[in-house]
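Asks: The following block contains the structure, expressed as structure tokens.
In UniProt numbering, the protein residues as written are 1 to 845.
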């Protein structure tokens with residue numbers, strides 16, 4: 001192909017791998033020969049069609065300094081001797097053919113892309129020269145024959161493919177006749193193969209390194225100078241990617257384990273404040289000694305001197321004694337998570353436990369849910385445990401006091417027991433005496449029985465005597481007549497005797513006459529008759545005398561019986577007397593024992609009265625009050641500022657930021673980083689970054705609106721907070737989208753893995769649910785600096801109603817992260833565009 005020499009000669013600026021640009025001028029010596037460099041050898045060498053044919057014979061000449069538009073690519077590649085270095089990295093001169101002429105004419109760039117000032121000529125031979133020269137002038141927007149304003153196109157011009165991409169290099173090789181499977185430009189009759197066979201051929205027969213990206217095809221030097229094929233590098237990258245994905249769960253678990261490893265240690269304790277307003281009281285003991293009671297100070301000492309290793313609930317808190325105002329301000333600012341206030345009557349209430357009117361000692365506990373939901377329940381549990389522990393101590397003291405009082409009562413009861421012992425001794429003596437009295441009474445009873453028998457005999461004898469006497473009495477009337485009869489008898493006898501005497505005397509004197517004698521005899525006879533008449537009476541009297549004699553005999557016999565019965569009676573009476581003596585002695589002993597018993601009973605009564613005086617007398621209400629206070633001497637009064645009891649609302653403070661982060665990650669997983677084609681376009685770096693970020697922001701904004709709607713409709717967040725939740729959710733989405741855009745721009749798809757690991761790190765270090773002071777020192781340091789922490793704090797402040805201060809404090813990290821991410825994204829886009837144009841960085845997307 002002859003052609004105009006001006007068309008066959010030209011210059012070309014090509015960047016080397018250091019980013020510097022060398023100006024190459026060349027002159028075509030004719031068809032089928034290598035281009036002869038200006039000032040080089042005049043002999044033309046035949047052009048050999050091979051993988052090294054592209055750029056063969058290209059030599060650089062001492063060039064001029066590139067203009068300012070080219071110096072941004074690195075400047076002139078001049079050596080120390082003033083001559084330009086030989087360029088072996090970037091795209092070389094592309095030989096002969098219509099494509100070369102189109103490049104020189106400015107219709108296509110050095111990579112075979114369409115120029116901004118015209119359409120590329122067809123690389124297919126067989127078409128007309130006019131067609132290969134480009135479209136008509138009216139279609140190109142310039143008069144016919146007028147050269148383009150920008151020739152050749154530079155990196156950043158709008159094109160179909162990215163600078164340095166494999167497709168651009170393939171098209172370049174197809175157009176200029178370089179690389180495997182290429183044909184001489186003047187002999188091209190069809191397009192080279194572009195299918196998998198061609199790609200496999202390229203892998204097996206790599207083209208020169210200056211015609212491809214450093215990471216694609218052929219051989220390139222890895223670190224240490226070792227050669228590595230593209231297949232090996234792809235396999236290595238794939239293996240590293242799979243290994244990284246496998247390690248992601250391990251990294252998440254490891255981060256959580258490392259963050260919570262220091263929980264409960266000396267350096268990881270939750271700050272809390274103590275306000276001690278207690279006033280001491282004086283307590284007087286039973287013996288009169290006075291003691292000052294400082295229950296509040298004892299409680300403070302117990303809290304502040306807690307040992308982290310003792311396992312108590314108070315060991316996870318770092319207590320500080322502060323004033324009421326300072327503690328309230330610190331709680332509101334989030335510097336402390338709990339405030340315990342000991343009232344002024346705490347000691348007084350503690351002392352009242354030993355009185356008749358006990359009062360439960362109260363402790364107030366104050367928390368704020370806007371700085372951590374779990375802190376409130378944790379502190380409440382601590383307060384309950386603290387009240388239980390301190391109440392146990394007070395209960396011990398109370399029981400000790402009861403035991404001491406029981407000891408006093410025991411002394412009184414001991415004295416009462418001594419009196420009871422004496423009473424028992426007296427009772428025993430009384431029992432012995434009563435036993436003896438019972439024996440004497442038994443003997444008296446026996447003697448009384450003998451007396452009864454003797455008396456019965458005596459009664460029988462007396463009865464017999466009485467009968468005899470009665471009989472004698474009845475005979476006494478005859479005896480009374482008997483003397484008269486006897487007297488009459490005696491008188492008659494006397495008369496008889498007198499008459500007889502007279503008769504005898506007369507006889508003697510002259511014998512008396514018979515008349516007289518007869519008269520005397522008659523008188524005697526009459527007397528005798530009368531005597532005879534009195535004879536029966538005399539006989540009866542005699543008989544009465546006999547009966548009397550019999551009665552007397554009987555009386556004598558009864559008297560004898562009475563005398564015989566009197567002896568046993570006397571003996572029985574004597575026995576009765578002896579038994580009654582024993583009874584008297586036993587009764588005396590019983591009386592003495594009864595006196596001792598009375599004395600012991602008196603002592604016992606006295607001791608029991610004293611013990612009863614010492615035991616207080618409580619009413620039923622007092623008993624209930626004392627039992628309640630004794631079972632729980634210390635009470636806790638808990639109050640929670642900005643309280644949130646709805647579990648879904650509590651979880652939403654963390655789930656909304658996490659959901660937006662995952663949503664942004666999914667968006668960039670779909671959209672990806674800016675492609676090479678976009679990076680190689682004529683648009684500015686800021687525009688590319690804004691366009692890429694704008695698409696993601698639109699989707700993330702919809703996600704934020706959907707989450708806010710779910711927050712108010714399903715979870716139950718009041719609609720009054722919508723003016724705060726919606727803008728803050730949009731801010732979270734924008735910040736997270738900017739962060740993911742930065743990561744994908746810097747690292748490509750690997751940036752998504754980095755984003756996932758960063759999310760896991762933030763989940764372990766965020767302080768929305770639990771205090772970050774429980775974490776290890778490194779995690780506590782970075783926690784306030786992370787965006788998810790700010791998002792959680794802001795959402796928590798909105799939902800709990802903590803005020804605008806908490807929302808602003810949470811929004812500040814988001815604004816900083818978003819701004820820095822956008823700036824870094826702009827810089828990364830500009831850097832990657834320049835680096836792609838120079839072929840300095842591999843393709844990571």
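Built from N, CA and C at the ideal position, the CB exists for glycine as well.
Remember, predicted model here, so these are calculated numbers, not experimental data.
#1: Taking the straight line between their C-alpha atoms, what separation do you get for residue 652 and residue 334?
#2: Measuring CB to CB, does residue 829 end up less than 8 Å from residue 737?
#3: Does DSSP put residue 249 in a helix, a strand or coil?
#4: Is the separation between the beta-carbon of residue 337 and that of residue 275 shorter than 8 Å?
#5: Between residue 805 and residue 791, how many whole angstroms is the CB-CB distance? I'm expecting something under 8 Å.
#6: Of all the options 680, 719, 677, 730, which has the alpha carbon lying nearest to the alpha carbon of residue 663?
#7: Looking at residue 754 and residue 743, is the spacing between their C-beta atoms short of 8 Å?
#8: Give me the Cα-Cα distance between residue 251 and residue 258, rounded to the nearest whole angstrom.
#9: In whole angstroms, give me the CA-to-CA distance for residue 684 and residue 698.
#10: With a cut-off of 8 Å on the beta carbons, I'd call residue 366 and residue 331 a contact; round off their distance for me.
#11: According to DSSP, residue 320 sits in a beta bridge with which residue or residues?
#12: Within the continuous beta strand (DSSP E) that includes residue 365, where are the two ends?
#13: Near residue 801, what residues of its chain come up, given a Cβ to Cβ distance below 6 Å and the 5 sequence neighbours on each side ignored?
#14: Could you check what DSSP says for residue 635 in three-state terms: helix, strand or coil?
#15: Which same chain residues, not among the five before or five after residue 831, have their C-beta less than 6 Å away from its C-beta?
#16: Mind checking residue 234: buried by the 16 CB within 10 Å criterion, or exposed?
#17: Looking only at its own chain, which residues have a Cβ that is under 7 Å from the Cβ of residue 289, when we skip the five neighbours before and after it?
#18: Let me confirm a value: residue 773 is counted as buried when at least 16 other C-beta atoms fall within 10 Å, else exposed. Which label applies?
#19: From residue 321 to residue 766, what distance separates their C-alpha atoms?
#20: List the endpoints of the continuous alpha helix (DSSP H) containing residue 765.
#21: Give the DSSP-derived three-state secondary structure of residue 832 in the structure shown.
#22: Can you look up residue 336 in the DSSP assignment and give me helix, strand or coil?
#23: How far does the alpha helix (DSSP H) with residue 792 in it reach, from first residue to last?
#24: Which stretch, first to last residue, makes up the alpha helix (DSSP H) that contains residue 690?
#25: Using 8 Å as the Cβ pair cut-off and three pairs as the minimum, do the stretch 669-688 and the stretch 704-711 touch?
#26: Provide the residue(s) that pair with residue 281 in DSSP beta bridges, ordered along the chain.
#27: Run through DSSP, which three-state label would residue 653 get?
#28: When burial is assigned at 16 or more other CB atoms within 10 Å of the CB, is residue 254 buried or exposed?
#29: Would you mind sorting residue 239 into buried or exposed? The rule is 16 or more other CB atoms within 10 Å of its CB.
#30: Give me whichever residues DSSP pairs with residue 641 in a beta bridge.
#31: Which residues in the same chain as residue 349 place their Cβ atom closer than 6 Å to its Cβ, once the five residues preceding and following it in sequence are excluded?
#32: Quick one: what's residue 304 bridged to in DSSP?
#33: Between the Cα of residue 650 and the Cα atoms of 369, 278, 710, 340, which residue gives the shortest distance?
#34: When you compare each of 247, 833, 325, 825 to residue 692 by their alpha carbons, which one comes out closest?
#35: Run the CB neighbour count on residue 603, radius 10 Å, all protein chains shown included, and call it buried at 16 or more, exposed below.
#36: Considering only DSSP beta bridges, list what residue 342 is partnered with.
Replies: Here's the rundown:
#1: Using only the alpha carbons, I get a separation of about 20 Å.
#2: For the 8 Å CB-CB criterion, residue 829 and residue 737 do not form a contact.
#3: Here residue 249 sits in helix by DSSP.
#4: The answer is no: Cβ separation not under 8 Å.
#5: That belief does not hold up - the Cβ atoms of residue 805 and residue 791 are roughly 16 Å apart, past 8 Å.
#6: The residue with the shortest Cα to Cα distance from residue 663 is 730.
#7: In this structure, residue 754 lies closer than 8 Å to residue 743 by Cβ.
#8: Computed Cα separation, rounded: 10 Å.
#9: The alpha-carbon of residue 684 is positioned some 21 Å away from that of residue 698.
#10: With a beta-carbon spacing of about 6 Å, residue 366 and residue 331 fall inside the 8 Å limit used to define contacts.
#11: Bridge pairing for residue 320: 273 [DSSP].
#12: Unbroken beta strand (DSSP E) run through residue 365: 361-368.
#13: 642.
#14: When DSSP states are grouped into helix, strand and coil, residue 635 belongs to the strand group.
#15: Cβ contact annotation for residue 831 (same chain, cutoff 6 Å, sequence separation greater than five): none.
#16: Under the 10 Å beta carbon count, residue 234 is surrounded by fewer than 16 other beta carbons and is classified as exposed.
#17: Excluding residues within five positions, none has a Cβ falling inside 7 Å.
#18: When all chains shown are included, residue 773 counts as buried.
#19: Near 28 Å, if we compare the C-alpha coordinates of residue 766 and residue 321.
#20: Its alpha helix (DSSP H) spans residues 750-765.
#21: DSSP places residue 832 in helix when its eight states are reduced to three.
#22: The answer is coil: DSSP assigns residue 336 none of H, G, I, E or B.
#23: Unbroken alpha helix (DSSP H) run through residue 792: 787-800.
#24: Residue 690 -> alpha helix (DSSP H) spans 685-713.
#25: Contact between the stretch 669-688 and the stretch 704-711 is absent, because fewer than three Cβ pairs lie under 8 Å.
#26: By DSSP's assignment, residue 281 forms a beta bridge with 293.
#27: Note: residue 653 maps to helix in three-state DSSP.
#28: Around the beta carbon of residue 254, fewer than 16 other beta carbons lie within 10 angstroms, which makes this residue exposed.
#29: Answer is exposed; the Cβ neighbour count stays below 16.
#30: DSSP lists 368 as partners of residue 641.
#31: Cβ within range, chain order: 359, 361.
#32: The partner list for residue 304 (beta bridge, DSSP) is empty, contrary to what the question assumes.
#33: Distances from the CA of residue 650 to each of 369, 278, 710, 340 were compared; the closest alpha carbon is that of 369.
#34: Selected option, being the one with the closest Cα: 825.
#35: Classified as buried, residue 603 has 16 or more neighbouring CB atoms from the shown chains inside 10 Å of its CB.
#36: DSSP output for residue 342 lists 276 as bridge partner(s).
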